[in-house]
Amino acid sequence: MSMNDQLSDLMTDNIPEYSVGDISTAIKRILEGNFSRVKVRGEVTELKKYPSGHIYFSLKDEVGKLTAIIWRYTAARLKMQLENGIEIIATGKISSYGERSSYQLIVDQVDYAGEGAMLARIEKLRKKLEGEGLFAKERKRAIPVLPQVIGVITSPKGAVLHDIRTTITRRFPRDIIIWPVSVQGEGAAQQIVKAIEGFNQLDNSASVPRPDVLIVARGGGSLEDLMAFNDEMVVRAAAASQIPLISAVGHETDTTLIDFASDCRAPTPTAAAEMAVPSKADMIAAIMQVTTRLSKALIHINQAYRIRLNQATGKLPDIPTLLAQSRMRLDDRSYRLDLALPALVMKRRHQLSAIQPVDQYVFGLLQRFRNRLDINKMQLSASWRHFIQQQKGGMPVLSLSALKALTREKLLRLESLSARLESLSPKAVLSRGYVFVKNKQGHTVTKAKGLRVGSELTLTFYDGQRMVKVLKDQENQQEILDL
Numbered sequence: 001m002s003m004n005d006q007l008s009d010l011m012t013d014n015i016p017e018y019s020v021g022d023i024s025t026a027i028k029r030i031l032e033g034n035f036s037r038v039k040v041r042g043e044v045t046e047l048k049k050y051p052s053g054h055i056y057f058s059l060k061d062e063v064g065k066l067t068a069i070i071w072r073y074t075a076a077r078l079k080m081q082l083e084n085g086i087e088i089i090a091t092g093k094i095s096s097y098g099e100r101s102s103y104q105l106i107v108d109q110v111d112y113a114g115e116g117a118m119l120a121r122i123e124k125l126r127k128k129l130e131g132e133g134l135f136a137k138e139r140k141r142a143i144p145v146l147p148q149v150i151g152v153i154t155s156p157k158g159a160v161l162h163d164i165r166t167t168i169t170r171r172f173p174r175d176i177i178i179w180p181v182s183v184q185g186e187g188a189a190q191q192i193v194k195a196i197e198g199f200n201q202l203d204n205s206a207s208v209p210r211p212d213v214l215i216v217a218r219g220g221g222s223l224e225d226l227m228a229f230n231d232e233m234v235v236r237a238a239a240a241s242q243i244p245l246i247s248a249v250g251h252e253t254d255t256t257l258i259d260f261a262s263d264c265r266a267p268t269p270t271a272a273a274e275m276a277v278p279s280k281a282d283m284i285a286a287i288m289q290v291t292t293r294l295s296k297a298l299i300h301i302n303q304a305y306r307i308r309l310n311q312a313t314g315k316l317p318d319i320p321t322l323l324a325q326s327r328m329r330l331d332d333r334s335y336r337l338d339l340a341l342p343a344l345v346m347k348r349r350h351q352l353s354a355i356q357p358v359d360q361y362v363f364g365l366l367q368r369f370r371n372r373l374d375i376n377k378m379q380l381s382a383s384w385r386h387f388i389q390q391q392k393g394g395m396p397v398l399s400l401s402a403l404k405a406l407t408r409e410k411l412l413r414l415e416s417l418s419a420r421l422e423s424l425s426p427k428a429v430l431s432r433g434y435v436f437v438k439n440k441q442g443h444t445v446t447k448a449k450g451l452r453v454g455s456e457l458t459l460t461f462y463d464g465q466r467m468v469k470v471l472k473d474q475e476n477q478q479e480i481l482d483l
């Protein structure tokens, strides 16, 4: 054995021997000891959410990629939703998994990687929801003029709730129902969604009345503090609310996605309270103004009608004078009638006395005419009987059968003559499609040659007449127009 071989064997005997488990444990101890609490910035990729509630994903940048895990109990407390492609800052510890010889980041907190990343995510979500029509103007409902009950969704702490209460009490006192929620941090979005849906599920039969309008409010803050109102669940809940909703999140310059989905956006919580209820003093002043204008209008209308009535009265005749004149004429006619009636009776009596001799003459004359009429009647009867006897003596007596035969013969001849007469009837000719034409003077027209343009004709059909006019004459062909 050479010297080199002896040295090699000696060096090999001095290298410590480890098991696989020892190596894995040592590596895990080193990683967890040196990286017990770290923040890692990177882009989310390979995101997977399992039914168990655990979330597996990777963080990558231009240099490398790191596997990350969020356990179920941590995932339920996240204040943001993970999506592939967003840049985050994950806080946790580095640990190893010996069975696969891999290491990963155990995440217990997730934040956006600066305002730029948050704004980009918000803009992406805004475009998505706008494409679905959640921000359309036709979906927005009008705020009630004077609601009876107002629902307020906000934090029970801070000046926001105090400002809303004070403003409503000052302008027009109304009943307020408060649903306290967290307005930032873990679980804030879920609480806001639950509050909006809870108010919508109320009805008037419950012990708590259903609000007529909702106010979702919080004070100012950073973009990260307002992220709960940019959450997709909150925006969808606001858009689906059947109760008109006013959003008042942040200061006047702050804009969140709930502002686009709400029915009305207020720059501050105080402004939201002013939108929810009108000013009682302003309403009273407006009512007084309208009352004054109405009273003046009624006075003006009354005066106008009074003037018209006076003018109409002036045009009417003097009724008492007319009645007096009619009464005088009636008295005069009554007096004259009382005098005229006895005189008329006396006059008619004298006339009747003078007529009696004439009646006797008339009665005698009538009697003489009656006697002469009887004589003429007797003479006429005797002459008629004599004529009948003469006719009977010269006419042969016909039997009943001969009389019937003679009757049938006469009837047949009568029907034949009737048929010939009917065949010569103009109506029968017209029924076969012919037309009888007369001009305006009533003369029969049998030729078209003598007709002029504009001549009026009367066409007699089987069932009636029509007036026509000649329009033009082209090569002796006339065109007519029905009048």
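With the first letter of the sequence shown counted as 1, position 397 gets the number 397 in UniProt numbering; the numbers rise by one all the way through. Note that the Cβ used here is the ideal one computed from N, Cα and C, for glycine as well.
Tell me whether Y97 is buried or exposed, calling it buried when 16 or more other Cβ atoms sit within 10 Å of its Cβ.
exposed
DSSP puts N439 in a beta bridge; with which residues?
L457
Thinking just about the alpha-carbon of each residue, which of S279, R236 and I177 is nearest to the one in K128?
Of S279, R236 and I177, the smallest CA-CA separation from K128 is found for R236.
By how many angstroms is the C-alpha of E83 removed from the C-alpha of E232?
13 Å
For S431, which of helix, strand or coil comes out of DSSP?
S431 falls in the helix class under three-state DSSP.
DSSP three-state label for L245, please.
strand
Whole angstroms are fine: how far does the CA of T458 sit from the CA of R466?
6 Å
Secondary structure at P357, three-state DSSP: helix, strand or coil?
Bear in mind that the predicted position of P357 carries a pLDDT of just 49, short of 50, making it unreliable; the figure below should be weighed with that in mind. It is helical.
Here's the rule I'm using: 16 or more other beta-carbon atoms within 10 Å means buried, otherwise exposed. How should Q289 be labelled?
exposed
Below 9 Å between beta carbons: does that hold for V213 and I258?
Not a contact, by the Cβ cut-off of 9 Å.
Would you mind working out which of G219, R293, P16 and S431 sits nearest S182, comparing C-alpha positions?
G219
With a 10 Å radius around its C-beta and 16 neighbouring C-beta atoms as the bar for buried, classify V453 as buried or exposed.
exposed
Take the Cβ of D254 as the centre, count every other Cβ of all protein chains shown within 10 Å, and call the residue buried at 16 or more, exposed below.
buried
F461: buried (16+ other C-beta within 10 angstroms of its C-beta) or exposed?
The residue in question, F461, is exposed, as its Cβ has fewer than 16 Cβ neighbours within 10 Å.
Considering only the alpha carbon of each residue, which of K469, V110, R77 and G85 lies closest to T91?
V110
Shortest alpha-carbon distance to I168 belongs to which of G433, P278 and R29?
P278
State the DSSP-derived secondary structure class of R141, mapped to helix, strand or coil.
coil
According to DSSP, simplified to helix, strand and coil, what is Q478?
Because Q478 carries a pLDDT of 48, less than 50, the predicted location of this residue cannot be relied on, and the following value inherits that uncertainty. DSSP places Q478 in strand when its eight states are reduced to three.
In whole angstroms, what separates the C-alpha of W179 from that of L134?
24 Å
Near Q191, what residues of its chain come up, given a Cβ to Cβ distance below 6 Å and the 5 sequence neighbours on each side ignored?
Cβ neighbours of Q191 beyond the five flanking positions: V181 and S182.
Rounded to whole angstroms, what is the Cα-Cα separation between T74 and K60?
21 Å
Could you give the uninterrupted runs of the beta strand (DSSP E) lying entirely in the segment 21-76, keeping only those of 3 residues or more?
38-49, 55-60 and 65-70
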